[in-house]
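**Student:**
4 protein chains.
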Amino acid sequence: MQLGMIGLGRMGGNIVRRLMRTGHSCVVYDRDAKAVAALVSEGATGAASLEEFVSKLAAPRHAWVMLPAGKITEATVEQLTKLMTSDDVIIDGGNSFWQDDVRRGKALQQRGLHYVDVGTSGGVWGLDRGYCMMIGGEKAVVDRLDPIFASLAPGIGDIPRTPSRDGRDPRVEQGYIHAGPTGAGHFVKMIHNGIEYGLMQAYAEGFDILRNANSEVLPESHRFDLDLADIAEVWRRGSVIPSWLLDLTASALARQPGLEKYSGYVEDSGEGRWTVNAAIDEAVPAEVLTAALFARFRSRQEHTFAEKILSAMREGFGGHKEPEQHPDPARQSGPEIVKPKADLA
Amino acid sequence: MQLGMIGLGRMGGNIVRRLMRTGHSCVVYDRDAKAVAALVSEGATGAASLEEFVSKLAAPRHAWVMLPAGKITEATVEQLTKLMTSDDVIIDGGNSFWQDDVRRGKALQQRGLHYVDVGTSGGVWGLDRGYCMMIGGEKAVVDRLDPIFASLAPGIGDIPRTPSRDGRDPRVEQGYIHAGPTGAGHFVKMIHNGIEYGLMQAYAEGFDILRNANSEVLPESHRFDLDLADIAEVWRRGSVIPSWLLDLTASALARQPGLEKYSGYVEDSGEGRWTVNAAIDEAVPAEVLTAALFARFRSRQEHTFAEKILSAMREGFGGHKEPEQHPDPARQSGPEIVKPKADLA
Amino acid sequence: MQLGMIGLGRMGGNIVRRLMRTGHSCVVYDRDAKAVAALVSEGATGAASLEEFVSKLAAPRHAWVMLPAGKITEATVEQLTKLMTSDDVIIDGGNSFWQDDVRRGKALQQRGLHYVDVGTSGGVWGLDRGYCMMIGGEKAVVDRLDPIFASLAPGIGDIPRTPSRDGRDPRVEQGYIHAGPTGAGHFVKMIHNGIEYGLMQAYAEGFDILRNANSEVLPESHRFDLDLADIAEVWRRGSVIPSWLLDLTASALARQPGLEKYSGYVEDSGEGRWTVNAAIDEAVPAEVLTAALFARFRSRQEHTFAEKILSAMREGFGGHKEPEQHPDPARQSGPEIVKPKADLA
Amino acid sequence: MQLGMIGLGRMGGNIVRRLMRTGHSCVVYDRDAKAVAALVSEGATGAASLEEFVSKLAAPRHAWVMLPAGKITEATVEQLTKLMTSDDVIIDGGNSFWQDDVRRGKALQQRGLHYVDVGTSGGVWGLDRGYCMMIGGEKAVVDRLDPIFASLAPGIGDIPRTPSRDGRDPRVEQGYIHAGPTGAGHFVKMIHNGIEYGLMQAYAEGFDILRNANSEVLPESHRFDLDLADIAEVWRRGSVIPSWLLDLTASALARQPGLEKYSGYVEDSGEGRWTVNAAIDEAVPAEVLTAALFARFRSRQEHTFAEKILSAMREGFGGHKEPEQHPDPARQSGPEIVKPKADLA
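Chains as they are written, first to last, in our numbering: chain A, 13 to 357; chain B, 13 to 357; chain C, 13 to 357; chain D, 13 to 357.
1) Just to confirm my understanding: we take M17/D, look at its own chain, exclude 5 residues before and 5 after, and list those with CB closer than 7 Å. What are they?
2) Using the three-state DSSP reduction, which class does L356/B fall into: helix, strand or coil?
3) With 16 other CB atoms within 10 Å as the buried threshold, where does S251/A fall?
4) If the cut is a Cβ gap below 9 Å, which residues of chain B does M17/A touch?
5) Counting only beta-carbon atoms, is D113/D nearer than 8 Å to chain A?
6) In the DSSP output, what is W76/A paired with across the bridge?
7) Compile a chain-ordered list of the residues in the region 308 to 323 of chain B whose CB is closer than 8 Å to at least one CB of chain C.
8) Are the beta-carbon atoms of D239/A and N226/A separated by less than 8 Å?
9) With C-beta atoms as the reference, is G138/B less than 8 Å away from Y209/B?
10) Cutting at 8 Å between CB atoms, please list the residues of its own chain near T302/A, excluding the five before and the five after it.
11) Does any CB atom of chain C fall closer than 8 Å to the CB of G346/D?
12) For D340/B, name the three-state secondary structure that DSSP assigns.
13) Kindly say whether V200/D, judged by its beta-carbon, lies nearer than 8 Å to any beta-carbon of chain C.
14) Exposed or buried, G35/B, counting other C-beta atoms within 10 Å across all chains shown (16 or more means buried)?
15) Is A196/A helix, strand or coil by DSSP?
16) Pull out every residue of the region 267 to 293 of chain B whose Cβ sits closer than 7 Å to any Cβ of chain D, in chain order.
17) Can you look up D293/D in the DSSP assignment and give me helix, strand or coil?
18) Pull up the distance between the alpha-carbon of A214/A and that of V200/A, whole angstroms please.
19) Report yes if the C-beta distance between G135/C and G142/C is below 8 Å; otherwise report no.
20) How is the beta strand (DSSP E) around D129/A delimited, first residue to last?
21) Quick check on the DSSP output: what are the complete beta strand (DSSP E) runs of length 3 or more inside the region 35 to 76 of chain B, in order along the chain?
22) Measure the C-alpha to C-alpha separation of D373/A and H315/C and round it to an integer number of angstroms.
23) Round the Cβ separation of I262/C and T174/D to the nearest angstrom and send it over; I've been treating them as touching at under 8 Å.
24) Let me make sure I understand the geometry here. Which of P231/D, Y277/D and M212/D has the alpha-carbon closest to that of E299/C?
25) Show which residues of chain D have a CB atom less than 8 Å away from the CB atom of Y215/A.
26) Nearest to D259/A by alpha carbon, out of I168/A, E245/A and G270/A?
27) With a CB to CB cut of under 6 Å and the five nearest residues on each side skipped, what residues in its chain are close to R308/C?
28) Name, in chain order, the residues that DSSP records as bridge partners for I27/C.
29) From which residue to which residue does the alpha helix (DSSP H) around G138/A run?
30) With a threshold of 16 other CB atoms inside 10 Å of the CB of D242/B, please say whether the residue is buried or exposed.
31) For H234/D, which of helix, strand or coil comes out of DSSP?
32) Where does S163/C fall in DSSP's three states?
33) Would you mind working out which of A59/B, I102/B, R249/B and D42/B sits nearest R73/B, comparing C-alpha positions?
34) Nearest to A359/C by alpha carbon, out of I253/B, D113/B, R326/B and V184/B?
35) For V246/D and chain B, any beta-carbon pair shorter than 8 Å?
36) Between the C-alpha atoms of D293/A and L31/B, what's the straight-line distance to the nearest angstrom?
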C-alpha cells in the first residue's frame, strides 16, 4: 500500500522504515532536504515540496502528518486540505489535542476529505518493537488503512494473551485499536500519557524515599544504605510492580546509580495537562495524575512565588527568618525526635 | 535444606509446596490442624504445637513465620524465642512493620538467635511464578539460607536482562536481594507496596476518565463511548505503560467491562501508610503515593466529616442548600458551558 | 445615579436594595413578575420586558446583569446588545467565565457598547456587610460607574488599615478594585473562589482529624474526645487561623456539633475548575486548590469507577475480596499496632 | 499568682511580661543570664540555675517550660521532675509532640507531680494580642492555673460572639480551652498548625496563579498584569476569604509587591508532619494538609531525586534530553495552542 509521510524526525522516519520493511511504498517530505535524501537512499520516493508530495501520491491519497503538535501541524493540515481531492485521507499521527482533531475532522468532511487521528506510542523503540496505535476516524477509512496499521503494530509477539477476549476485535491484540470517531484516537493516547506521568511519579517517589533512607536526619538505628539499582532489578522479577518503565529505570540506575547526569528538570508535552482538564470537565477526581503533572511544573522552577508568600506569612506571624539557601539536606528542618530516659519513659 | 513454616495460609502453604518441589524438606505448623494435614499429605512433616514444631527441626533451626503482621506475628516470634537455642534463625516472611524487625532483631541477637526479615511478593501467583524476596539480616545468616531463597525465587526466566549489570550481585537477577541489615527487607517491601498503590491509582484514574468520556455533562461533540477492555489490551502491546498490573486490569475488564461485581471498597494493609510516614520522616515529597493512600481511605466512607464541614460553610456564607443525595451523575453540578452565537462570537 | 438590574435573585435584589438605600435609582427586570413587584414596592422602577427595561433607562444606560453564569447570561447579554445604543454599558456581575467576558467585551466594543465584568463577593451577607467587588473593563467606564461601586462596597469599617499603602488606589480599602481590562474582574474573583475552596478544605480536614481522634482504631491511651464547637471558637481568638470561614464553622458547630443535618454532598460552581485550568495554562503547581476541587467531585459519588479498578486489581494479584460495604469505621482496615512485651522490647 | 518560667525567648519572655502586667509574680530562668537579667529589670525574680529556680517557687510550684520541642524540653522536664515535690505542676507550653506529653504525664503522675500541656498560639503578636491556649491535663490542676491562663488569653475583645453558645464553657470565648486530658492541648495545637499550613498554601497558590497571569506562555488576549498587593487588600473587605493570614499577606505585598526579599525556602516545625501522621492513623483523607507539607519539603531542595528518575525514564523511552537548567519561565515547555484559520475553523 502507498503512504505519504510528512515529517521525517525520529518518529516519522522510523515509521517509514518499518513500513518499507514490510513491503509498503512511501512518499516522503520534510522541510529538511537531508532527511528526505536519507530515506530516499533507503528506498522511499522523495518530494521537495508539499505540492510535489501530493502529486506523487496515487488517489485516493493517504498522507500521514508526523509533526510537533500545534501550529506546524495545523498549518500543514490546512495546506494539505487545499491540495487534496475527494476521498483523500489526512492522518495526524502526532500528539495533537483531540479537540483540534474534532474540529479538523468536521472541516475536512465538509470538503469531502477524511481525517484520521492516530495516537502513536513507542518512542525511539518503535522501529523494532512496533507502535501501539490508538485510532479515531470513520470506520470505512480506518478499515481502508488497515494494512498500514497492521504493519506498524507490534503484533502479538510473546506477550501472553488475555483470557475472556473471545469475540472481541482481533486487531487490539496486534497492538492497535479503532477507538471511536475522529478525536477518539488522540483522546485515548492522551489518557495513556496521563497514566504514564502518574506511573513515572509513583516509581520516582518510591526511589526517592529509598535513597533518603540513609539520611542523617533519621535516628541511626533507622537508616539503611540501599542499592537502588539492585532494588529496581529485583522488582522486575516476581513482584507486583514490574513494567516497562521499571525496566528502563533499572537500566538507568545500573548505568549510573546516582543519576548524576540528570538535573531533574522535567518537561511536559501537553497530554498530562489535557488529561487533567478532561478529568475536571467530567468531574472525575484525578489526584495522582494531577500531582504527577504539578511535580513536573515544580521541577522547572528554582522557587515558586507561592513559596515566597509562605515565607512572608511566616515572618509576619512568627518572625521566622529564612535560613541560608539549600543547606546540607541532612540538617534540614523538622522536629527533633525525643529519646526518653528511664525517668520519663 | 530443612525449613520450618508457621502459618499455612495462601502464602505459607504455597511457599512450602514450592520448596518441596525443589527437594527441600519442611516441618509445618498452623493453628488449623486441617491445614497441617493437607501439607503432610503432600510430603511435609507436621507438628501439632510450636513445641513439637521446634523439636522436629534440626539445629541450627530455620523457622519461617508467615502470619498476618501485628499481634499474632509478635506473639509467635516471642514464643519461638523462648523455645529456640543458640544460632537458630527466625524468618519473618510476612508484612511486618520494619521498625518491629529492628527491635526484634536486636532482642534476638542478645539471646544468640538470628532474625531475618523477608518481604515476600508474589501473592496467589507465587507458587508457579516464584516469589520476589527482599531480605534483611546478617550476611552470614542470609547466605546460609540461600538454598531456600534460590528455590523460592522466580529465576531469570524469559525476562530480558538489564544491561550494565556486570559485577553486580547475581542473586538479584534471580529475583531476590539481600537489601541490608535487619529491617531492610521489609523496608524495601514497604516501598514496593507504596509504589504499587501509586501505580494502581494512576491506572484507576485514567480508566475512570475514559469511562466518563461519554458523560452527559459534556457537549455532545466531545463525548466518546470507549471500550475500556480493548483499550487496556492495546496498551499491553508497544505502548509506554505495559505492566503486570495492566495485564490484570485487562483481564478483569475483559471478564466484566463495567466491573459491576466490585463495590469499590478498597482496604489498605499498612505498607502504604508506613511509606508515607517514611517520606515524612525523610522530608521527601510523596504526593502521588499519599494521594493513592487517601483515595483508599475515602473509598471506605459514605461521606467524610470534612464534607459536612464544607456543606455547613457553604450554607453559612451563601445560603447554599445541599441537593438530594447522589443524583444522576449526568446532571451533577458544574459550570454551564456557553456556546456563543454569531453576535457575540 | 441610575442603574438597571436584570435578575432579582438573592444577589441582584439585595444589590438593588443597597443602592436605593444610598440614594440611587434602579430600574429592575426579572422573568418572575413577583420579584419585580417586590422591589417596585420598595421604590424601584419595574419593567415587564427587556425592551421596557431598556426604554426606562436614561442614556448612556447602565444595565447590570445578575444571572446564573452560562446560557442565560449569554442570551441576556446578546439581547441587550441589540437593544442598546452607543456608549451604553452592560455589567456582568455574576460568576461568568472570564474568557467569555473577553470575547463579549470585544464584540460589544465593535458595536460601540461597553462591557464591564464584576466579580461580586458577599453572598447572603452583602446587603448589610457590603460587597467586595473585583472589576474588569475600560478605565473611563469603570470610573463613570464609581458611585455605584462605592455604594455597594463595604467601606473601611472597623477593619484595621494595612500599613505601607500610601499612594495606592484608595478605592481598594473601600472594598472594590479595578483589576484590569475586561475579564480581569472575573479572573480575580475566580482565584478568590479557588482559594476559598482550598481554605475550606484545610479547615474541613483539620476538623475531620479532630473528630476521629476518638476512633476505636487508635490505642486507648492515644484517643481524645474533643469538643469541636469549642475548638472552633477558641481558634477565633488569638490563634494564627482566625477567618470569616472559621467564624461560620464555629457557628455551625455550636448549633449542631455533629453536623447531622448535612449529608456532605458538595457542589462546585465553576470557579474552582477554572482556577485549576488557569494554573495548568500557566504551569503553576496548585496541589492544594486542586485537591480541594477533587474532594468535592468525590463527595458526589457513592464510589468512583477508579475504586472498582483498584478492587479488581487487588483480586487479580492477591485474591483479595472486598469486605461488606461500609462496616463500622472503628473496625476499618489498617495495620495492627504491636505492643512488644518485655522479651522483645 | 506565682509562676515560674524556664526559657525566656520570644515567647517565654513575652508571656512573663504579659503576666506581670496583670499583677502576677514570676520567677524566671534561662541558660542565657542576660535574658534573665532583662526580665529581672522589668520586675521578675531571677534564678541562676534550675535548683535556684525551684527553690524560689512557693509550693505547690508551677513551672512553665517554654523551650524548643525535643531534647532540651525533655531534659528540662526530666531535671525538674527530680527537683520538684508532691503536687507541683510542670507546664509544657512549647510545641511538644503530644505523645511525648502522654508519656511524661504518666511518668509524673507516678511521682505525685502534675503535667499540663499548653499549645500556645500567638507568635510575636501575643504580648499585646494575647495568646490562644489549648490546654491538656487534669481538671483540678487546670482549674488551679486558671488565673494564669485568663491573664494570658486575649479575651473577648471586639470579636463578635458566636450565636448558640449558651451554656458552653465561658473560658473558650476568652481564648483558652481545656481540651481534654494530658496531650489533648498539644494535639489540638498540632491540628491548628496543620490547618495553618493548608490555609497558607491555599493563599500562596492563588497568588502564584495571579502573578503568572501575565506570563508570556499565555495568548496575549488572555494575559493580565495584576496588582497583587491591591488584590490582597480588597479581599480583606467583604469577600469570603478574609483572615489574619490574609492581613499579613496584604502587609507583606504592600511593603514589597514582588517579595524579592524572600527566597522561598520554607521550614516546617513538626506539627504539620504529626498532623498527617494522625490523619493516617485515623484513616482520614487529608489531601490538602499533606500537599501543604510536601510543598515545604520541596521548597528546600534544588531538585529531588524523584525528578532525576523522571528524566532518566524520559530519556529511556523517548530519547528526551533535558534542556538547559531553568530557562526563562516564559519559554517553558507545554503544548502550543492552535489558532485555527477560517479554513479549519
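Each residue gets a CB set at the ideal place from its N, CA and C atoms; glycine is no exception.
**Tutor:** Let me lay it out:
1) G24, I27, V28, C38, V40, W76 and M78
2) helix
3) buried
4) Neighbours of M17/A across chain B, judged by C-beta separation under 9 Å, do not exist; the nearest C-beta is about 19 Å away.
5) It does not; no Cβ of chain A falls within 8 Å.
6) M17/A and I103/A
7) R308, R310, S311, R312, Q313, E314, H315, T316, F317, A318, E319, K320, I321, L322 and S323
8) no
9) no
10) V288 and A291
11) yes
12) Note on D340/B: pLDDT 49, under 50, position unreliable in the model; the coordinate value appears next. Shown here, D340/B sits in coil according to DSSP, grouped into three states, outside any helix or strand.
13) The Cβ of V200/D sits closer than 8 Å to at least one Cβ of chain C.
14) exposed
15) helix
16) For the region 267 to 293 of chain B, the set of residues with a beta-carbon nearer than 7 Å to any beta-carbon of chain D comprises R285, V288, N289 and I292, in chain order.
17) DSSP places D293/D within a helical segment (H, G or I) once states are collapsed to three.
18) Between A214/A and V200/A, the alpha-carbon positions lie close to 21 Å from each other.
19) no
20) H126 to S133
21) 37 to 41
22) Nothing can be reported for residue 373/A: it is not among the residues displayed for chain A, which extend from 13 to 357.
23) The identity of residue 262/C in the sequence shown is Ala, whereas the question assumes Ile. 5 Å between Cβ atoms; contact.
24) The shortest C-alpha separation from E299/C is found at M212/D.
25) I321 and M325
26) The option with the nearest alpha carbon to D259/A is E245/A.
27) V278 and D280
28) Answer is none; I27/C lacks a bridge partner.
29) G138 to R141
30) Using a 10 angstroms sphere on the CB of D242/B, the tally of other CB atoms reaches 16 or more, which defines it as buried.
31) helix
32) S163/C: helix per DSSP, three-state reduction.
33) I102/B
34) Residue 359/C falls outside the range modelled here, since chain C spans only 13 to 357, and no answer is possible.
35) no
36) 53 Å
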